[in-house]
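Heads up, the thing below is written out as structure tokens.
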Amino acid sequence: MKLQHYLGGLENLGPVDFEKRVFVQEWEKRIFGIHTTMMAESAHLIDSLPRYPMDTLPTSFKSDWTWASLRTGAEGMQPFEYFKFRYYEKWLGGISSFFINQGYISEEEFKSRADFYRKEPDAPLPDKPSAPIREQIVRYLEQGDSGMRPCAGKPLFAAGDSVTVADPAAVDHTRLPGYLRSKPGKIVEVYPGAFAYFVNTGLDGIGKPMPVYRVAFDAADIWGVEKSEPNTMIYADLFEAYVQAPV
Numbered sequence: 007m008k009l010q011h012y013l014g015g016l017e018n019l020g021p022v023d024f025e026k027r028v029f030v031q032e033w034e035k036r037i038f039g040i041h042t043t044m045m046a047e048s049a050h051l052i053d054s055l056p057r058y059p060m061d062t063l064p065t066s067f068k069s070d071w072t073w074a075s076l077r078t079g080a081e082g083m084q085p086f087e088y089f090k091f092r093y094y095e096k097w098l099g100g101i102s103s104f105f106i107n108q109g110y111i112s113e114e115e116f117k118s119r120a121d122f123y124r125k126e127p128d129a130p131l132p133d134k135p136s137a138p139i140r141e142q143i144v145r146y147l148e149q150g151d152s153g154m155r156p157c158a159g160k161p162l163f164a165a166g167d168s169v170t171v172a173d174p175a176a177v178d179h180t181r182l183p184g185y186l187r188s189k190p191g192k193i194v195e196v197y198p199g200a201f202a203y204f205v206n207t208g209l210d211g212i213g214k215p216m217p218v219y220r221v222a223f224d225a226a227d228i229w230g231v232e233k234s235e236p237n238t239m240i241y242a243d244l245f246e247a248y249v250q251a252p253v
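The opening residue of the sequence shown carries number 7 in this note's numbering; numbering runs sequentially from there.
Structure, rendered in structure tokens:
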């Protein structure tokens, strides 16, 4: 992953923004709503738990859109550009690029509509979702979707096992924090079942259902003794592909 997505342990990155409001400006709520609507209409829900009526949902949105899609858009940003924008501005950029790249709207049409609303900020917005889609959105907000699946085989590790975090090839999108690569830890919990991920990360190793472990790390093994408080533990949930026997 690029620099901006694993800042743990890096120095001189301040100042830290302690803003506690979820939405700082009103338009940010609409971006969150658009993202939620896209997830509630995502084609991947045909195989999700719980089941959703995707084959009868009256939508022209036929693509997969998940949290992984949103993160992939942000991770594709040039690092210095990434730090220029606020949180929901990054969302807006990723969502806009997705609709253009998928052919739902042309770049020229997108620019034209943006220019129109800049000049006419009080102009009516597009129609609200139909009743079936509204029902789907509400249900999705209440129930979400899970990558949990039955575990096809026995997990490779058990609670109490000492392990080392893998150091797989770097890819555009990963669920492995960079600061945990090659670090020693101990399995403290094996979650029931297996978990798939929304996208296949290729050489990174995740996508298909696999066991997930809760792993404990001594902070000193990660940050070094001089930068760690005594008796401090760090916990991470890791896919089995990221965990291996001690070397």
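From the three backbone atoms N, C-alpha and C, an ideal C-beta is built for every residue, glycine too.
| Asked | Found |
| --- | --- |
| Please list, in chain order, all residues of the same chain as S234 whose beta carbon is under 7 Å from its beta carbon, the five residues on each side excluded. | A225 and A226 |
| In chain order, what residues of the same chain have a beta carbon less than 7 Å from the beta carbon of G208, not counting five sequence neighbours either side? | V177 |
| Cβ atoms of A222 and K192: under 8 Å apart, would you say? | yes |
| Measuring only the C-alpha atoms, how far is P85 from S168? | 35 Å |
| Reducing DSSP to helix, strand and coil, say where A222 ends up. | strand |
| Given a cut-off of 8 Å on the beta-carbon distance, is the pair A242 and I143 in contact? | no |
| Straight-line CA distance for E246 to Y185? | 17 Å |
| For the region 120–132 against the region 47–66, do three or more pairs of beta-carbon atoms, one drawn from each stretch, fall closer than 8 Å, so that the two count as touching? | no |
| Count the other CB atoms, across all protein chains shown, that sit within 10 Å of the CB of K96; report buried if there are 16 or more and exposed otherwise. | buried |
| Less than 8 Å between the beta carbons of T78 and H50, yes or no? | no |
| Please name the residue in Y197, K214, A120 and V194 whose C-alpha comes closest to that of Y203. | K214 |
| Can you tell me where the beta strand (DSSP E) holding Y58 begins and where it ends? | Counting along the chain, Y58 falls outside any beta strand (DSSP E), and DSSP gives it neither H nor E. |
| By Cβ distance below 6 Å, which residues in the same chain neighbour D70 in space, the five residues on each side in sequence not counted? | S48, A49 and H50 |
| Where P135 and F67 are concerned, what is the direct C-alpha to C-alpha distance, given to the nearest angstrom? | 12 Å |
| Tell me, to the nearest whole angstrom, how far the beta carbon of S152 is from that of L76; I am working on the premise that it is less than 8 Å. | With a Cβ gap of about 18 Å, S152 and L76 do not count as contacting. |
| In the DSSP assignment, what are the bridge partners of R155? | A200 |
| Apart from the five residues just before and just after I101, which ones in its own chain have a Cβ nearer than 8 Å to its Cβ? | I37, I40, H41, M44, L76 and G79 |
| Is the separation between the beta-carbon of A129 and that of P156 shorter than 8 Å? | no |
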